[in-house]
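Numbering (our numbering), first residue to last: 65 to 367.
Everything on this sheet refers to the single structure shown next.
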Amino acid sequence: MSTDELAGVHCALATPFDQNQEVDEARLRSFADEVIADGVAGLVVGGSTGECSSLTTAERMRVTEVVAETADGRVALIPHVGSCSIRDAREMARHAESVSAAAILAVSPYYEPLDDEEVTAYYAGIAEVTDLPIIFYNLPIAVGANVDPERLARFCERVPSIRYVKESTGDLSQIGVLTTDFADTVRVFNGWDTLFLPALVEGAIGAIVGTPNFAGKACVGVYRLLAEGDAEGALAAWERLRPLMQVMVSGGYANAVKAAMEMVGRPIGPLRSPLLSLGGDRREALEQALDGLGLLAVAGAPS
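Here it is as structure tokens:
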């Protein structure tokens, strides 16, 4: 798939585990196929929603292989290769190219604070081993600092392979600056659920979020209506979807995704320790939001 075609709704794919917390490859295959059937443009593998911090490098590459085999070129494959270890990041970048990925996503190292020269060296080190375009993962909640548009533009100039950014700041004004003042430098994927439609209106080329794991048709529907010029229809569809998106960003994300998947009849097993399953008021709010969309599975019905 041409990298010029990267746009649209991309699912930040969750990782299925069995009851022993091992990667469930059979469920991964069937589940990835279900998400593709919902109409997404791409699958982002091994990111935050995929519990990358709980996976070994070998597991992350194996998950990528399984998804690549399942997708078989039908949608864009975008593995997340970010790591605190540049050696691991480079190994995963090489591997991504070997399985015909369309691009790679990479968060900056998030343990030791890095200055701009060190961040540049990290991304340049990844770019040295692959020709794939890089999506810069701006994730302040993990890295500890926001990369503002001016800084990002400097990184793009120093490392030309950085052609996209996944903006997970939740800051719509920052997305607006990127899509206007830096439109010739970098393309923007929104990574914050509650900004799904607003970011598209601001000029984002698409979204990379976890909600399509269980509500892909609804997400794709909003995107397509806007792309077809039906702004009124897109807004109406978005207003129905927005309560769910608000629940998704109100706390831990991976546990909300897996709880929702169970509720809609698409279970993929537990989270890997130390993450715990969703409970309490937030679980009730999630169930209500899914019910409002007509997505709750009927008790006893097959998944």
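The beta carbon of each residue, even a glycine, is placed where N, CA and C say it ideally should be.
Here the structure is a predicted model, which is why all the values come from computation and not from measurement.
- Here the alpha carbon of G329 sits roughly 35 angstroms from the alpha carbon of Y174.
- Boundaries of the beta strand (DSSP E) harbouring I226: 226–231, taken from the DSSP string.
- Its Cα nearest to that of V171, the residue P204 stands out among S164, P204, L357.
- For I190 against A157, the beta-carbon gap comes to about 5 angstroms, under 8 angstroms, which counts as contact.
- Nearest C-alpha to A76 among F253, R222, E296, H159: F253.
- A straight-line Cα-Cα distance of about 16 angstroms links Q83 and L119.
- Taking 4 residues as the shortest admissible run, the segment 297–327 contains the following complete alpha helix (DSSP H) segments, listed from N- to C-terminal end: 318–327.
- Setting aside the 5 residues that flank it on each side, V193 is surrounded in the same chain by R154, A157, R158, each with a C-beta closer than 7 angstroms to its C-beta; the list follows chain order.
- Here the alpha carbon of C220 sits roughly 14 angstroms from the alpha carbon of L169.
- Cα atoms of V127 and P276: separation of roughly 18 angstroms, rounded to the nearest angstrom.
- Your pair L308 and A279 checks out as a contact, with CB atoms roughly 7 angstroms apart and the cut at 8 angstroms.
- Between D88 and the set D355, P334, A349, L350, the nearest pair of CA atoms involves P334.
- In the structure shown, the three-state DSSP call for R126 is helix.
- Cβ-Cβ distances below 6 angstroms link A263 to I239, N254 in the same chain, with the five nearest sequence neighbours on each side left out; the list follows chain order.
- Going by C-alpha positions, L354 is about 32 angstroms away from M125.
- For H144, no beta strand (DSSP E) segment is defined, and its DSSP state is neither H nor E.
- According to DSSP, residue pairing for N202 in a beta bridge involves E231.
- Within the same chain, Cβ atoms closer than 6 angstroms to the Cβ of V321 are found at A78, T113, G274, N277, the five residues on either side in sequence being excluded.
- Close CB contacts of C116 within its chain, under the 7 angstroms cut and outside five residues either way in sequence, are with G110, R124, H144 (chain order).
- The C-alpha of M325 lies about 28 angstroms from the C-alpha of V163.
- In the three-state scheme derived from DSSP, where H, G and I count as helix and E and B as strand, R336 is classed as coil.
- Residue state for N84 is assigned as coil, using DSSP reduced to three classes.
- Judged by DSSP secondary structure, A191 falls within the alpha helix (DSSP H) whose first and last residues are 180–191.
- By the C-beta density criterion, L259 is buried, having at least 16 other C-beta atoms within 10 angstroms.
- Looking from the CA of L92, the closest CA among V265, F81, L290 belongs to F81.
- Taking each of P213, P331, A323, A361 in turn and checking the Cα distance to R347, the smallest one comes out for A323.
- If you draw a straight line from the Cα of A247 to the Cα of G344, it is about 43 angstroms long.
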